[in-house]
Structure formats: C-alpha cells, structure tokens
Amino acid sequence: MRHVLTLIFFAAAVTVALPGTAQNALAQNTAQKKPAAQPIPEPPPPPPGFELDPAAEPQVTIRKRGEDTVEEYRIAGKLYMMKVTPPGGGPSYYLIDEHGDGKFARQDGPGTGVRPPMWVIHSW
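So the mapping is simple: this note's numbering equals the position in the sequence shown, first residue as 1, plus 106.
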C-alpha cells in the first residue's frame, strides 16, 4: 500500500512540475526567437507636382452681429454654414445651406438629425 501511495504522490508531483517547466522552456525559446524591434521608416515624399489646394480648405470669418458671435464658413468664396454663439457662452446653433441655394436651415448642433451625403460632383 505504501508503494502505491508513493507512486501516486510521485506521479502527481511530476504532473504538476512538468507543465511549469515546459511553459518556462517555451517562454525562453519564444523570447530568444523574437526579432529585434526596428524603427519605422520615414514616409516617402509626395509625388512631384502635388500641392494642397487652398481653395478646398474652408475659410472661417468671425464677426459680431449685435451681441452674437457669428462664424462664417466658406469654400471657394461660397458661404455654406454659419455658427451662431449667443453672448455669455450659451448653446450655439448652426445655420446650414443644405442645398447650395442660399436658403439656410437652423440646426441646434452639428450632429442633430439625419444628414445624407450631398457631395457636389459637378457644377457649372
């Protein structure tokens, strides 16, 4: 009976000890196989003749109308949005020309309502 208990105890000790030893050996092998970290190379320069179009950037003009502060947003000289901030830092609202016809609709925030994309493909 003693021999059986000794054999069971030995088998249990070996079973518990081996996975830890195997994990340590695996971790050491993995650590040895990792390549050294390399710095990220610099991006290539832009192609020749490529320049940003300043007309595509919005121009923002800030004006005071009465006590309100109005920020006018224009692209290619055309007014497409105004942000109106009341005095005292109250909640701002936006006036947006949704169809490009000069008629502005009020929105209480930039993310309110559903706004499907309305890109201008061509204009003349």
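Note that beta-carbon positions come from the ideal geometry of N, C-alpha and C, so glycine has one too. Computed from a prediction, not measured in an experiment: that's the story for all the values here.
- Taking 3 residues as the shortest admissible run, the segment 137–192 contains the following complete beta strand (DSSP E) segments, listed from N- to C-terminal end: 165–171, 174–181, 184–191.
- The residue among Trp230, Lys209, Pro193, Pro147 with its C-alpha nearest the C-alpha of Arg171 is Pro193.
- In the DSSP assignment, Ile202 falls within the unbroken beta strand (DSSP E) covering 199–202.
- Closest by C-alpha distance to Glu177, out of Pro160, His205, Leu158, Tyr200, is Tyr200.
- Sequence-distant Cβ neighbours of Asp174 in its own chain, meaning closer than 6 Å and more than five residues away, are Val190, Pro192.
- Relative to Gly215, the option among Lys184, Pro197, Trp225, Asp207 whose CA is nearest is Pro197.
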